[in-house]
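Chemist:
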Amino acid sequence: MVLVLIASLIGSFGAVFLKKGADRLKMGYRHVISLPAAVGVALFLTSSVFFVLGIRHGELSVLYPMVSLGYVWTMIWSRLFFNEPITRPKYVALGMILCGITLIAGAR
């Protein structure tokens, strides 16, 4: 379970770096990859490795929903790094994600 949680955290940072990389992109295919975007892709790949290692000895039906914690992390990072607002509907959605994960994890 810990490895899956780490995977969701790493993946959320991957999204942050992809966003930073996307903000720097220029028009044209030669400028598609920037250093932050490449770091984002590397973080997503690393996240996948942690996820695969994490699901080896657990129930996929319990562990896979924990990947949705990446949405929670990403919302926090978006606020911190990009000053994006966290609106009331977003707070409700975060609460629903956390409740869903808690229910699924407790149902085993």
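Sequential numbering from -13 applies to the sequence shown in our numbering. Beta carbons: idealized from backbone N, C-alpha and C, even for Gly.
I'd like the list of long-range same chain contacts for A91, defined as Cβ closer than 7 Å, with 5 residues on each side in sequence excluded.
Modeler: Taken in chain order, the residues that qualify are V48.
Chemist: So, with DSSP's three-state summary, where would you put S20?
Modeler: S20 falls in the coil class under three-state DSSP.
Chemist: For a quick check, are the C-beta atoms of L(-5) and W59 less than 8 Å apart?
Modeler: Yes.
Chemist: Using a threshold of 8 Å, state whether the C-beta atoms of G56 and G7 are closer than that.
Modeler: Cβ distance not < 8 Å, so G56 and G7 don't count as in contact.
Chemist: If you compare alpha carbons, which of T88, G86, V(-12) and L89 is closest to F36?
Modeler: Among T88, G86, V(-12) and L89, the Cα nearest to that of F36 belongs to V(-12).
Chemist: What would DSSP say about L84, mapped onto helix, strand or coil?
Modeler: Here L84 sits in helix by DSSP.
Chemist: State the start and end residues of the unbroken alpha helix (DSSP H) segment that holds S(-6).
Modeler: Note, S(-6): alpha helix (DSSP H), V(-12) to R10.
Chemist: Does M82 pass the burial test, meaning 16 or more other C-beta atoms within 10 Å, or should it be called exposed?
Modeler: Looking at its Cβ environment, which holds fewer than 16 other Cβ atoms inside 10 Å, M82 is exposed.
Chemist: Buried or exposed: where does G0 fall if 16 or more other Cβ atoms within 10 Å of its Cβ makes it buried?
Modeler: Answer is buried; the Cβ neighbour count reaches 16.
Chemist: Could you give the residue range of the alpha helix (DSSP H) that holds S64?
Modeler: Here the alpha helix (DSSP H) through S64 covers L55 to F68.
Chemist: State buried or exposed for G40, treating a residue as buried only when at least 16 other CB atoms are found within 10 Å of its CB.
Modeler: When all chains shown are included, G40 counts as buried.
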